[in-house]
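A.B. asks: Residue numbers (our numbering): 1474 to 1690.
Glycine included, each C-beta is placed from N, C-alpha and C at the ideal position.
Remember, predicted model here, so these are calculated numbers, not experimental data.
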Ligand code: PEP
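#1: By how many angstroms is the C-alpha of residue 1487 removed from the C-alpha of residue 1509?
#2: Answer with buried or exposed for residue 1673, where buried requires no fewer than 16 other C-beta atoms within 10 angstroms of its C-beta.
#3: Helix, strand or coil, according to DSSP, for residue 1589 in the structure here?
#4: Please report the Cβ distance between residue 1626 and residue 1666, rounded to the nearest whole angstrom; I am assuming they are in contact, meaning their Cβ atoms lie under 8 Å.
#5: Whose C-alpha, out of 1534, 1617, 1538 and 1497, is nearest the C-alpha of residue 1546?
#6: So, at 7 Å on beta carbons, what are the nonlocal neighbours of residue 1503 in its own chain, with the 5 sequence-adjacent residues on each side left out?
#7: If I measure Cβ to Cβ from residue 1647 and keep anything under 7 Å in the same chain, skipping five residues before and after, which residues do I get?
#8: For residue 1552, I'd like the list of residues in its chain whose CB is within less than 7 Å of its CB, leaving aside the five on either flank, ordered along the chain.
#9: Out of 1528, 1676 and 1514, which one is the CA nearest neighbour of residue 1591?
#10: By how many angstroms is the C-alpha of residue 1595 removed from the C-alpha of residue 1601?
#11: For residue 1682, write down the residues that DSSP places opposite it in a beta bridge.
#12: Residue 1629 and residue 1478: beta carbons closer than 7 Å?
#13: Cβ of residue 1623 within 7 Å of Cβ of residue 1476?
#14: Using only the alpha-carbon positions, how far apart do residue 1577 and residue 1550 sit?
#15: Distance, Cα to Cα, residue 1632 vs residue 1652?
#16: Assuming residue 1656 and residue 1681 make a contact with CB atoms under 8 Å, what is their CB distance in whole Å?
#17: I want to check one thing, is the minimum distance from the CB of residue 1594 to the heavy atoms of the ligand PEP below 6 Å?
#18: Please list the terminal residues of the continuous alpha helix (DSSP H) segment that includes residue 1462.
#19: Once you ignore the five residues that flank residue 1543 on each side, which residues in its own chain have a CB closer than 6 Å to its CB?
#20: Tell me whether the beta-carbon of residue 1650 lies closer than 7 Å to the beta-carbon of residue 1677.
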């Protein structure tokens, strides 16, 4: 099916040795499929290799300048990296990123030639479609979205298939990935109704992630 499968390693693992070890174990399967590995940016240069797609987990909204600690989309692109996750709920909530900043990041990423994967999703108790409407209102229709309800991220409580189907049809012709407690057991169900997956915790387990990749037949 050649669906897009994104591995979001978040702030893991803690050392480059462990990152290399994990990468070595998933590399061959990742080569076969449409997989994008998003390790911590500082590890990218040590991991990048021919044939594997890489992404980053965030970027800044300016090309260069006096912005201590930030990494620009142009810098990312210059490494040969083509994807960027933008607006992950951990960045929206813990780092207080706003919809406005997210739009600026998307615009700068596109200008630099990166493909953004923009995370959207509601918290428990919120109205899904109201939240999504607000999050996507200024996002171009050809940008890839990852529907990641906050209550499903890292909780083991993945979203019901019916809910993801409703979201997919609400988002009409947009490309939509699902993310939230994806594992090798539930991955085939989500792959059937979406354009791919954004995998967090399970992407750090080489056996589990390889099984997820190989679900896409
Ligand atoms: C994520 O990091 O976007 C995510 C969905 O995490 P997990 O798969 O661990 O729920």
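C.D. replies: Reading off the structure:
#1: Spanning the two alpha carbons is a distance of roughly 20 Å.
#2: Buried, since its Cβ has 16 or more Cβ neighbours within 10 Å.
#3: Strand at residue 1589.
#4: Residue 1626 to residue 1666, Cβ: 19 Å. No contact.
#5: Selected option, being the one with the closest Cα: 1534.
#6: Closer than 7 Å at Cβ, skipping near neighbours: 1510, 1525 and 1686.
#7: Around residue 1647, the same chain offers 1614 and 1618 as residues with beta carbons nearer than 7 Å, after the five sequence neighbours per side are excluded.
#8: So the qualifying residues of the chain are 1517, 1518 and 1521.
#9: For the residues 1528, 1676 and 1514, the minimum Cα distance to residue 1591 belongs to 1528.
#10: For residue 1601 and residue 1595, the gap between their C-alpha atoms comes out near 5 Å.
#11: None; residue 1682 has no bridge partner.
#12: It is not a contact, given that the beta carbons lie outside the stated cut-off.
#13: Not closer than 7 Å, so no.
#14: Residue 1577 and residue 1550: Cα-Cα distance of roughly 17 Å.
#15: Taking the straight line from one Cα to the other gives about 9 Å.
#16: That belief holds up - the Cβ atoms of residue 1656 and residue 1681 are roughly 6 Å apart, short of 8 Å.
#17: No, the beta carbon of residue 1594 sits no closer than 6 Å to any heavy atom of the ligand PEP.
#18: The structure shown does not extend to residue 1462, since the chain is modelled only from 1474 through 1690, so no value can be given for it.
#19: Here the set comprises 1533.
#20: Contact flag unset, no.
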